[in-house]
Ligand SMILES: Nc1nc2c(c(=O)[nH]1)N[C@H]1C(S)=C(S)[C@@H](COP(=O)(O)O)O[C@H]1N2
Ligand SMILES: [Mo]
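Numbering (this note's numbering), first residue to last: 3 to 205.
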């Protein structure tokens, strides 16, 4: 039995060693670019999407390709009975704002980009929202955990919080939230809602 134990122990140790080597090999692409093709299990490596920014969930995966590209898209901004349904042209008619802000995903990547669009606070002023109001922001996305978010006045009134229409000098790519998305400073990526549908003042 002793010999069996020895063999078993050696086999186990060998398996552990092999696993460790494999794990190092599979994740080393994070540090060594030439190993990147082996980097199968390393979510921290950001794969760049369109416009030099990683994509978390694509428009296709979110099921919004038709709705986001539709001619009749509107951004509804509502404060009780005061409601505006803004076309993309309407949004472009509002004085533009821009800023350089990161998207920081809990999956382990953070990328800074140049965003352009309109200030959230300007949109809220259009419907006479009080400056201490919290808001609910909804996406065109019908399912999934990130399609609705709430935002307190500290973010909603922050002049750097944007409803972004542009990314790195171009219209937003569909995968980055076209026609419009939220970009607010100091909020986790999960709250930077893409493919906006409505912004509603909470009573
Ligand atoms: N509607 C919607 N918005 C979303 C998401 C989503 O799945 N659906 N993912 C969020 C997460 S987790 C991150 S990190 C960012 C990523 O934005 P990007 O794909 O443009 O880089 O979008 C956020 N906005
Ligand atoms: Mo994320």
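Every residue, glycine too, gets a C-beta built ideally from N, C-alpha and C.
Checklist entry - For residue 142, does the three-state DSSP call read helix, strand or coil? => result When secondary structure is reduced to three states using DSSP, residue 142 falls in the coil class, being assigned neither helix nor strand.
Checklist entry - Can you check whether the CB of residue 106 is closer than 8 Å to the CB of residue 177? => result With respect to residue 106, residue 177 sits apart: the two C-beta atoms are not nearer than 8 Å.
Checklist entry - Cβ of residue 178 versus every heavy atom of ligand 1: is any distance shorter than 7 Å? => result True, at least one ligand heavy atom lies under 7 Å from that Cβ.
Checklist entry - Got a sec, what are the start and stop residues for the alpha helix (DSSP H) residue 67 sits in? => result Segment 67-71, the alpha helix (DSSP H) holding residue 67.
Item to check | residue 116 vs residue 58 beta-carbon contact at 8 Å | outcome: Their beta carbons are not under 8 Å apart, which means residue 116 does not touch residue 58 by this criterion.
Next on the checklist: Does residue 168 come out as helix, strand or coil in the three-state DSSP assignment?
Outcome noted: Strand, per DSSP.
Checklist entry - When burial is assigned at 16 or more other CB atoms within 10 Å of the CB, is residue 172 buried or exposed? => result Exposed: under 16 other Cβ atoms inside 10 Å.
Checklist entry - So which residues touch the region around ligand 2, with touch meaning a C-beta under 6 Å from any heavy atom? => result Selection output, chain order preserved: 58, 107, 108, 109, 191 and 192.
Next on the checklist: Closer than 7 Å to a non-hydrogen atom of ligand 1 - does that hold for the CB of residue 64?
Outcome noted: Ligand 1 approaches residue 64 closely enough that one of its heavy atoms is under 7 Å from the residue's Cβ.
Checklist entry - When burial is assigned at 16 or more other CB atoms within 10 Å of the CB, is residue 144 buried or exposed? => result That one is exposed.
Next on the checklist: Between the alpha carbons of residue 137 and residue 122, how many angstroms are there, rounded?
Outcome noted: So the two alpha carbons sit approximately 10 Å from each other.
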